[in-house]
Amino acid sequence: MSEAFRVGFVNRWERRDPRTGLNYASFLVQWHIYEPPYRFSAQTSQVKPGLLEYPLVKEMDASGLLYSAHVRPGIRFSDGTELTAEHVAASLEKTPAFKVHASASARGTRVFFRLKQPNAAFELVLSRFDHCVVLERGRELLGTGPYMFAPNPQPECFRLARNPHYRDPVRLQEIECRIYPLDGDGSRKKLLNAVNRGEVDFTDELARDELNKVEKMRKCIDLGYCTALLFFNAEQPVFQDTRVRLALACAIDRKALAAQSYSNALAFAATGMIPPVLGSTPDLITHDLARGRDLLAKANARTNGALVLSSIPVPRPYLPDPKVTLELIAAQLRQLGLKVDVRMPKDIAEYVDVTQRGAYDMLLAGWIPDTPNQLDFAESLLASHNIPSGSNHATRGSNYSRWRNAEMDAAIQKQRVKPETANWQRICELVKNEVPLFPLMYGPRIAVVSWRARNFPRDFGSGAFLSQVELPESAQTRAGATETGAHAALKY
């Protein structure tokens, strides 16, 4: 049997700079090659040291916004270059999402962070996957993680080899990543068949209802960790009236949408923007066509032609079949007497262009939390400074509603400085009353893993979670490896 641990994907690997945050293939590869300054432990819900010493030190400064941390010694990139404070600062300065929050500079072995505004959760900002530290060597983007790209990687098949300079023991020697493209009908038959033939050791890209067809593999499911959303483009005249946005929300049957993708619709139909893994923020909007028609009549809404409904073109954890969901939404909205023009971008490049230009009336997409912080999730989708544009195309350009609301911006900033329950409730009330977007379904985190994999962790969503997995035929060659804190996981 192959010595490599085999991972199956459905989307081709995009050789993007990981600092852009624009990765529609899989975050797994990034987490295993690159590291952010800090690590967030889902098991303990605490931030831990990564590339920098923890915690941050508040410096004596008139603004009160200057912090610093030492670079931890002995950390090297995959070419052997020792990590310095200059490397950390230079990399973060090229990270668009980081620049929203702070600037970074180096002095000796310390990295200094000057916040642009008070942020009670800044340490979480430094644990985000897209705030990883990258060393540019020509066209190569090197990391400090346990793996690196093996020679001659191809978009359809590539390997991750051990980083010989990684500081901690690594049990899994090599990871083979292979692409099994979607079928013409949007199904994952190629991936499913490869799993059942024993050609895949791990994948987190099967749809929920396809798990029933998986044979001889362990199955892992975490419900409600991301949200599919319908964004109303508030820059379009027709959607500048809150009554119109609410009318269209009332026309959408969320249970019917969920039933199209999942056998248990009630478990996946959304009730609010925040995914259950982060909390509960019910919007109390129910499917009510009569109310929708009444709201449209009172708003005297006029459209010049059909409303353009666009979508992200590739499957995501919150949207297993974008095309099918898009068509059902269009059919539901047509019951209001509206004309709807469905336009599916042909690829991610076209999708990015469409979202940057706001070339749509409505957009079907969603969001996966960057951190365990509710406010981070809300700010990503609602803050004015996160409206996509040509200069703001990274993860922070995710306010696809293109909604500008001074009260929301002020409430988000207030919550950053001093988190308060009453202010958070005000943020939730604004979303419920203004309806810039409409939550549709909660996406599960799903994985299947081979029984030959030992020490597979419970938390398989972030970090280099495969590095401590062990294959039985290689156990003796790594008998000397010691378990570390990162290895404190399930043992089968």
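Residues in the sequence shown are numbered from 2 upward in steps of one, following my numbering. Just so it is clear, CB atoms sit at the ideal spot from N, CA and C, and this is done for glycine as well.
One thing to note: residue 308 has its Cβ no nearer than 7 Å to the Cβ of residue 438. The shortest C-alpha to C-alpha distance from residue 445 to any of 407, 206, 258 and 217 is the one to 206. Contact check between the stretch 203-223 and the stretch 399-412: fewer than three CB pairs, one atom from each, fall below 8 Å, which does not count as touching. The bridge partners DSSP lists for residue 429 come to none. 266 is the residue among 266, 249 and 191 whose C-alpha sits nearest the C-alpha of residue 224. In terms of Cβ geometry, residue 270 and residue 256 form a close pair [threshold 7 Å].
Of 471, 176 and 302, the smallest CA-CA separation from residue 151 is found for 176. Put simply, of 85, 108 and 227 the residue whose alpha carbon is nearest the alpha carbon of residue 279 is 227. By the neighbour-count criterion, in which 16 or more other beta carbons inside 10 Å mark a residue as buried, residue 464 falls on the buried side. In terms of CA proximity to residue 385, 402 leads the group 402, 469 and 370. The Cβ atoms of residue 33 and residue 142 do not sit closer than 7 Å to each other.
In terms of Cβ geometry, residue 317 and residue 156 do not form a close pair [threshold 7 Å]. Along the stretch 354-439, the alpha helix (DSSP H) occurs as fully enclosed runs of 4 or more residues at 375-383, 407-418 and 422-435, listed in sequence order. Counting C-beta pairs closer than 8 Å gives fewer than three between the stretch 179-196 and the stretch 415-435, which falls short of the contact rule. Counting only runs of 3+ residues, the beta strand (DSSP E) found wholly inside the stretch 143-206 occupies 148-150, 158-163 and 175-180, in chain order.
Here the alpha carbon of residue 211 sits roughly 53 Å from the alpha carbon of residue 109. C-alpha of residue 462 to C-alpha of residue 47: approximately 16 Å in a straight line. Taking C-beta atoms as the reference points, residue 310 and residue 355 fail to come closer than 7 Å.
The stretch 294-303 makes contact with the stretch 240-251, as at least three CB pairs between them are under 8 Å. Counting C-beta atoms within 10 angstroms of its own C-beta, residue 285 has fewer than 16 neighbours from the protein chains shown and is therefore classed as exposed. A distance below 7 Å separates the beta carbons of residue 67 and residue 60. For the stretch 10-44, the full-length beta strand (DSSP E) segments reaching 3 residues or more read 39-42 along the chain. Its chain contains 93 and 132 as the residues whose beta carbon lies nearer than 6 Å to that of residue 99, once the 5 sequence neighbours on both sides are disregarded; these appear in chain order.
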